[in-house]
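In the numbering used here, the protein residues as written are 198 to 613. First up is the structure itself, then whatever we jot down about it.
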Amino acid sequence: MVFGPFTGKDNHGCPVTFGAGFVSNEGADSFSWLLKRVLTSTRHRWCMWHIMMKLPEKVPKRILANKELKKDLDSCIWSELLEPEEFEETWLTIMDQYGLQNVSWFTTMFTQREYWIPAYFRDFPMGSLLKTTSFSESENSFFKRYTKPHFNLADFVMHYNNALDAQRNISERLDFSDATKVPILSTELLFEKHAADMYTDRIFQQVQDEIVEAHRRCRMTHFEMEDNTEIYTITDSLRNKVVVRHEVGTESYHCDCTRWLKTPLLKSAHCDPSEEASSSEVSQVDRKRVVAAKLHSLYFRLFQRAQSNDDVALFDGMEELSQKLFGDTVPSVSSMDKAKRIENLNEASRPSVVNVHPPNVVSTKGSGSSSGKRIASATEKAIILQNKPKRRCAKCREMGHHDARNCGREKGKAKM
């Protein structure tokens with residue numbers, strides 16, 4: 198079986214595994230089947246890197262010698278600013294300029310342009326786009342440290358979970374670093390300061406370069422208010438226009454980079470249900486989970502809004518609500534309550550008779566005997582003998598660690 202992890206980026210820009218699957222082989226049909234069952238509500242696109250790597254094989258050698266062809270194709274294909282109509286016009290111009298109209302590979306790629314050209318994904322957030330194979334290669338190397346070819350399925354699942362725990366540990370350490378690190382600003386713009394507060398440190402370093410460049414090249418050319426939304430039109434030195442929408446009520450911005458915020462994973466990490474089944478379709482346990490998920494979701498939405506506004510009203514309100522619902526003091530959790538919670542978590546009650554018990558504790562050092570003694574090494578024996586007081590031998594009348602019974606034998610050992 199072939200193990201296929203699904204790799205993305207977390208809010209720090211680090212590799213993160215959000216799913217995995219097994220296929221019988223690495224053929225296109227196997228992975229097509231897997232993608233349709235694992236990523237059912239996503240938009241699939243082809244890898245631009247693999248497509249462009251095939252370019253030298255598809256272009257006639259006489260045309261490939263022209264270095265300007267690669268530059269023109271890169272500026273057309275990789276641009277995230279071109280609209281579909283602009284891309285098509287630029288592509289056809291390049292085909293005419295270099296005589297590639299009748300090359301079948303270019304014709305096929307242009308026919309399938311909606312699957313790999315960024316211009317056709319303008320309506321989809323592409324901030325986490327993987328443009329090289331380095332992320333997947335890094336993940337393959339990462340999982341090799343936790344898996345072995347001879348593992349059975351149970352072994353694999355255990356080590357796979359250990360690997361995910363290691364990834365989460367890295368993310369948590371970066372979260373702590375973000376909470377304690379103060380970035381150095383490059384401009385006096387309040388916008389940059391706001392970005393430093395909102396973005397993770399790794400992403401802010403990239404965004405900061407764009408802010409400095411935008412401060413030099415871009416200007417706001419139009420502003421309008423629509424209901425409770427501020428709409429800004431930004432124009433750069435090349436006359437490219439970008440529209441940014443700011444919802445005042447929720448303090449949210451519509452752009453392609455929201456996944457890099459410091460707290461974007463709270464919602465998914467605490468099981469915010471996007472679609473819940475009706476109460477008649479779920480069991481009692483499922484209803485409890487839905488209620489718990491709703492409570493988590495409500496709390497972290499309030500937490501994010503309170504954090505962005507530096508407002509302590511949330512704490513005061515929750516404290517007041519706690520006193521109203523549970524009294525002035527919070528009761529301690531008894532062992533009975535803890536046992537009940539464990540049973541609810543495992544969805545199984547504790548058996549009345551326990552047949553499986555932990556093994557008896559034995560000594561793991563020395564001989565394992567109950568006497569607590571162990572065999573001393575030759576070095577330890579020599580040290581003990583050296584520290585013993587010397588006495589006079591009745592046979593040879595010399596001071597040493599021997600007596601008349603073993604005088605000759607011990608003296609011989611000393612000479613050796």
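Even glycine gets a Cβ: it sits at the ideal position worked out from N, Cα and C.
Legend entry - Enclosing alpha helix (DSSP H) for Pro202 [first to last residue]: Careful: Pro202 lies outside any alpha helix (DSSP H), inside the beta strand (DSSP E) at 199 to 206.
With burial defined as no fewer than 16 other Cβ atoms inside 10 Å of the residue's Cβ, what is the status of Thr204: buried or exposed? buried
For Met422, list the residues DSSP reports as bridge partners. Glu427
task = Determine the DSSP secondary structure at Glu448, reduced to helix, strand or coil.
result = coil
Cβ of Thr330 within 8 Å of Cβ of Trp246? yes
Along the chain, where does the beta strand (DSSP E) containing Pro212 start, and where does it finish? 212 to 220
Practice prompt. Within its chain, find whatever has a CB closer than 8 Å to the CB of Thr576; leave out the 5 residues flanking it on each side and keep chain order.
Written response: none
Just to confirm my understanding: we take Ile428, look at its own chain, exclude 5 residues before and 5 after, and list those with CB closer than 6 Å. What are they? Glu421, Arg442
### Query
DSSP three-state call for Tyr396: helix, strand or coil?
strand
When we look at the beta-carbon of Gln298 and count the other beta-carbons within 10 Å, is it buried (16 or more) or exposed? exposed
Taking the alpha-carbon of Asn222 as reference, which of Phe200, Leu492, Glu444 has the nearest alpha-carbon?
Phe200
- Please report how far the alpha carbon of Ala363 lies from the alpha carbon of Arg370, in whole angstroms. 11 Å
| 4 or more residues per run - each alpha helix (DSSP H) lying fully within the segment 345 to 417 | 350 to 377, 387 to 395, 398 to 414
How should Leu270 be labelled, buried or exposed, when 16 other C-beta atoms within 10 angstroms of its C-beta is the threshold for buried? buried
**Item:** Contacting residues, own chain, Cβ-Cβ under 8 Å from Pro253 (five flanking each side not counted)
**Value:** Leu261
Taking the straight line between their C-alpha atoms, what separation do you get for Met515 and Ser374?
28 Å
How big is the Cα-Cα spacing for Lys592 and Ile580? 25 Å
- prompt: Is it buried or exposed for Gln405, if we count other Cβ within 10 angstroms and need 16 for buried?
  reply: buried
Taking the CB atoms as reference points, tell me whether Met417 and Thr397 lie closer together than 8 Å. no
Notebook entry, point to check: Between Glu336 and Gly524, what straight-line distance do the alpha-carbon atoms span, to the nearest angstrom?
Noted result: 50 Å
Met596 burial status per 10 Å Cβ neighbour count (16 or more: buried): exposed
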